[in-house]
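S.K.: Right, I'll just put the structure down here and ask away after.
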Amino acid sequence: MLNENFEDAKRLFLDPLMAMHYAHLAMLEQCGIVSPDDARAIRDGLDAIDLQAVRAAVFDGKDEDLFYHVERLLVMQCGKDVAGRLHTARSRNDIDMTLFRMRQRQYVLTVFHAALALRENLIDLAARHQDTVLALHTHTQPAQPSTVAHYMLAMIEQLERDAVRLRAAFATTNRCPLGACAITGTGFPIDRELTSRLLGFDGPTGNTYGSIATVDYQLENVTATAVLLAGLGRFVQDMLLWCTAEFGYLRLGDGFVQGSSIMPQKRNPVALEHARSIGSRALGEATAVLIALHNTPFGDIVDSEDDLAPLVDRVFHDATRAITLVGAALATATFDAACLERRAGEGWITITELADTLVREHGLAFDAAHAIARRIVSGRSANPAARLSGLVADASQDIVGLAIPYTEEALVTMLSPRHFVEVRTTHGGPARSETTRALAGSRQVLKLDRQWLADTSAALAHATTRLRERSAQL
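Per our numbering, the sequence shown runs over residues 264 to 737.
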């Protein structure tokens, strides 16, 4: 068990651990807790540790974990009396919680970056298909015409809300527990603001017990990602259906399909299948994190630490893979516009517009207009050769006592999929004027989110540089 934890810690936490050693040392020296001479000796000892050798180290039982392994290497460099001063005013408890947060904020940024790339590809796809008519479904049945752009914008907006959740999760995570020590803080005059800044945090956590005991930041990261994955899975399911020969709507680029060893005609959309499978696995791993933490004591407990860290890592690793794969596959996607429009004109899915027109132009109650429209559908089913104008006149005479006259040409236009889309200029609707406005808004939101990612990443990189410079000044 200790060997597994040692290997996981080397892979996940060595770099954050070393950064935290340097930051804590700089704070101890500035606060007068460690003398300048000892601080320089410890700094030189940390500099002398061969990180590649640490990564290659084999667990031999001499040290319980990575922390003690690095501590032993530091003792070898500058002696026990000097090296031992680095652990003043801290505990493995606040060290671990700091490492976890440092790692998880990177996870969130990685998922955020992948989701931005997916959004950009969907925005480009929607912009190319504002006039590509599409039959949308409710309860798995054809319902009303829309456009590919309108459908894609629904997913884009969902991903925008996912970005809000991920940014909120990052803000919760980016607080530094270092200085909380075991659970009650310390009597030494430490500066938690300084160590927070040196490690790129927005500030220290609050209550010292909560700094060690709480895992809500971790759950917020995981659940924000899980919400994204659940929404993405529903979208991928539609894309896979659209790739079927029966639908024939969507075609992926050659690099994202797979042939058959025996059936030469096959173009299997396996990129999306892999994305669905990997995303489902990540969602299962996210659920496992919640279950592992459910009903554990509210305090320092191994359930939320070393054994859980690899599972959390897998959540974000697999989530990033799934999101990235969907974005890459759809960047190559093409739609059969003629097939889409033909299907959008079948099955009377434009008939709602006839009822709406009767209400707008003749002041009918919608229930009456709906009844007339229903009669048109049943009348044509009984007699496919019947003229629409005659059916409307007869139905309206029977239902409202007035034969409403429409020419055959007017009714054909009224019931066309394109007309259906064009008149739906409601905010958020499928008309080109609305999808143009929505796409402009989504591009602006994407720009702002990209700027946040760039600024946040730059702030973390700047903190790394600042820590290196501060350490050199010891």
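Note that CB positions come from ideal geometry on N, CA and C, so glycine has one too.
Can you look up PHE598 in the DSSP assignment and give me helix, strand or coil?
M.R.: PHE598: strand per DSSP, three-state reduction.
S.K.: If you draw a straight line from the alpha carbon of ALA434 to that of ALA724, how long is it in whole angstroms?
M.R.: So the two alpha carbons sit approximately 17 Å from each other.
S.K.: Measuring CB to CB, does ASP563 end up less than 8 Å from ILE453?
M.R.: It is not a contact, given that the beta carbons lie outside the stated cut-off.
S.K.: Indicate the three-state DSSP secondary structure (helix, strand or coil) for GLN736 in the structure shown.
M.R.: Of the three classes helix, strand and coil, the one that applies to GLN736 here is coil, per DSSP.
S.K.: Verify whether the separation of the beta carbon atoms of SER696 and THR688 is less than 8 Å.
M.R.: Yes, the pair counts as a contact, with Cβ atoms nearer than the cut-off.
S.K.: Please state if the CB of LEU678 and the CB of LEU397 are separated by a distance shorter than 8 Å.
M.R.: Cβ distance not < 8 Å, so LEU397 and LEU678 don't count as in contact.
S.K.: Using the DSSP secondary-structure output, state which residues sit across from GLN521 in a beta bridge.
M.R.: Per DSSP, ASN531.
S.K.: With DSSP as the reference, identify every bridge partner of ARG438, one or two as the case may be.
M.R.: Looking at the DSSP assignment, ARG438 forms no beta bridge with any residue, so it has no partner.
S.K.: Residues in its own chain within less than 7 Å of PHE498 by CB, not counting five upstream and five downstream?
M.R.: Within the same chain, PHE498 has close Cβ partners MET418.
S.K.: Rank LEU381, ASN384, VAL411 and ALA377 by C-alpha distance to the C-alpha of HIS392 and give the top, closest one.
M.R.: The candidate whose alpha carbon is nearest that of HIS392 is VAL411.
S.K.: Please state whether the Cβ-Cβ distance between ASN484 and GLN367 is less than 8 Å.
M.R.: Contact flag set, yes.
S.K.: Suppose contacts are defined by Cβ-Cβ distances below 8 Å. Is LEU265 in contact with PHE322 by that definition?
M.R.: In contact: LEU265 and PHE322 (Cβ atoms closer than 8 Å).
S.K.: Counting pairs of beta carbons, one from the region 706 to 724 and one from the region 636 to 650, are three or more of them closer than 8 Å?
M.R.: The region 706 to 724 is not in contact with the region 636 to 650.
S.K.: The alpha helix (DSSP H) spanning ALA398 covers which residue range?
M.R.: Careful: ALA398 lies outside any alpha helix (DSSP H), inside the beta strand (DSSP E) at 396 to 401.
S.K.: Leaving aside the five residues before and after VAL552 along the sequence, list all residues of the same chain whose C-beta is less than 8 Å from its C-beta, in chain order.
M.R.: Here the set comprises GLN481, LEU482, VAL485, LEU571, LEU574, VAL575 and VAL578.
S.K.: Taking THR458 and ALA286 to be in contact with their CB atoms under 8 Å, please state how far apart those CB atoms are, rounded to whole angstroms.
M.R.: Indeed they touch by this definition, with Cβ atoms about 5 Å apart.
S.K.: Measuring straight from C-alpha to C-alpha, what distance separates GLY466 and LEU441?
M.R.: Rounded to the nearest angstrom, the two C-alpha atoms are 10 Å apart.
S.K.: Give the DSSP-derived three-state secondary structure of ALA628 in the structure shown.
M.R.: Coil.
S.K.: Give me whichever residues DSSP pairs with GLN404 in a beta bridge.
M.R.: According to DSSP, GLN404 bridges with THR401.
S.K.: Skipping 5 residues on each side, what residues in its chain have a beta carbon closer than 6 Å to that of GLU685?
M.R.: If we look at GLU685 and ignore the five residues flanking it on each side, its Cβ neighbours are ALA694.
S.K.: Mind checking GLY308: buried by the 16 CB within 10 Å criterion, or exposed?
M.R.: Looking at its Cβ environment, which holds 16 or more other Cβ atoms inside 10 Å, GLY308 is buried.
S.K.: Applying the 10 Å Cβ sphere with the 16-neighbour rule, what's the burial state of PRO753?
M.R.: No answer is possible for residue 753: it lies beyond the span of the chain, which begins at 264 and ends at 737.
S.K.: On the DSSP letters alone, give me the boundaries of the alpha helix (DSSP H) that PRO467 sits inside.
M.R.: Run containing PRO467: none; DSSP gives neither H nor E here.
S.K.: Report yes or no: do three or more beta-carbon pairs, one from the region 419 to 427 and one from the region 345 to 365, lie closer than 8 Å?
M.R.: Taking 8 Å as the limit for Cβ pairs, the verdict is that the region 345 to 365 does not touch the region 419 to 427.
S.K.: Drop a sphere of 10 angstroms on the beta-carbon of ARG335, count the other beta-carbons inside from all chains shown, and report buried for 16 or more, exposed for fewer.
M.R.: ARG335 should be labelled exposed.
S.K.: Are THR351 and LEU291 closer than 8 Å when you measure CB to CB?
M.R.: Closer than 8 Å, so yes.
S.K.: What's the C-alpha gap between ALA555 and THR728?
M.R.: C-alpha separation (whole angstroms): 37 Å.
S.K.: Determine contact between the region 368 to 377 and the region 338 to 352, defined as no fewer than three beta-carbon pairs at a distance below 8 Å.
M.R.: The region 368 to 377 vs the region 338 to 352: no contact.
S.K.: Assign SER409 to one of three DSSP states: helix, strand, or coil.
M.R.: Of the three classes helix, strand and coil, the one that applies to SER409 here is strand, per DSSP.
S.K.: Name the one or two DSSP bridge partners that ARG514 has.
M.R.: Note: ARG514 sits in a beta bridge opposite THR597.
S.K.: Going straight from the alpha carbon of ARG355 to that of THR559, what length do you get?
M.R.: Their Cα atoms are separated by approximately 20 Å.
S.K.: Taking contact to mean at least 3 C-beta pairs separated by less than 8 Å, is the region 580 to 597 in contact with the region 486 to 494?
M.R.: Touching, yes.
S.K.: Between SER523 and the rest of its own chain, which residues show a CB-CB distance below 8 Å, the 5 nearest in sequence each way excluded?
M.R.: Counting only Cβ-Cβ distances below 8 Å, and skipping sequence neighbours, we find LYS529 and ASN531.
S.K.: Nearest by alpha-carbon distance to VAL297: which of PHE451, GLY324, PHE269 and HIS625 is it?
M.R.: It is PHE451.
S.K.: Compare the beta carbon distance of ASN384 and LEU593 with 8 Å and say whether it is the shorter of the two.
M.R.: Result yes, Cβ atoms of ASN384 and LEU593 sit closer than 8 Å.
S.K.: Between the Cα of ALA508 and those of THR468, GLY626 and PHE598, spot the shortest distance and give me the residue it belongs to.
M.R.: When only C-alpha atoms are compared, the closest one is PHE598.
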